[in-house]
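Residue numbers (the UniProt record's numbering), protein chains in the order written: chain V, 1 to 68; chain W, 1 to 68.
Note that beta-carbon positions come from the ideal geometry of N, C-alpha and C, so glycine has one too.
Report on one structure; see the data block that follows.
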DNA sequence: TCATAAAGTAAAAAACATTTTACATTTGAA
DNA sequence: TTCAAATGTAAAATGTTTTTTACTTTATGA
């Protein structure tokens, strides 16, 4: 799964730590997510969608491998 | 978190079991999700979005309690 | 350059999603 | 009304996300 978190975070001029506070997770969760190390929960996606004012489908996109 | 899975599934005339096969999870996962027993992963949300051709933000919506 | 903020990394533990098996309840059509 | 399909439920096991602590590396401004 790809994501555009880093781009959107930069657009708002937020650090990973800033964003972590806003969506109420740890800074490492934001870091790992940006690096594609795992797929977050839908609740977290919706919170990011809310903060960025961008649809979830524009924040996260399925890749080939995600369907196996 | 609220969801409109049941409505969208009915729209396509699929059973929980049918949908489970399409998004590659167990029937119980679909059932529990429809009943709001837990929040699925973003990958699963995106797969449902794809099958239903409906944005994730229209399938799942945050509620008051989700921000604490 | 040097100090500091920001980002990246790691490992263990906690919390939560998902599977599996199995059974109970509801619904709808014959 | 009856049978089967669909849905709901539960508990244990497994896999994955998230937290926490702590350290390393990179970028940036004074």
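| query | result |
| --- | --- |
| Residue 1 of chain V (DSSP reduced to helix, strand or coil) | coil |
| Closest by C-alpha distance to residue 51 of chain W, when choosing among W/16, W/13 and W/22 | W/22 |
| Whole-number beta carbon distance between residue 42 of chain W and residue 148 of chain V, since they are thought to touch under 8 Å | Lying before the first or after the last residue shown, residue 148 of chain V is absent from chain V, which here runs from 1 to 68. |
| 4 or more residues per run - each alpha helix (DSSP H) lying fully within the UniProt domain "HTH cro/C1-type" (5–59) of chain W | 5–11, 16–23, 27–34, 42–52 and 56–59 |
| Beta-carbon proximity check, residue 33 of chain W vs residue 57 of chain W, cutoff 9 Å | no |
| Neighbouring residues, chain V, relative to residue 49 of chain W (Cβ below 7 Å) | 57 |
| Buried/exposed call for residue 46 of chain W, threshold 16 Cβ in 10 Å | buried |
| Under 8 Å by beta carbon: chain W residues contacting residue 41 of chain V | 39, 40, 41 and 42 |
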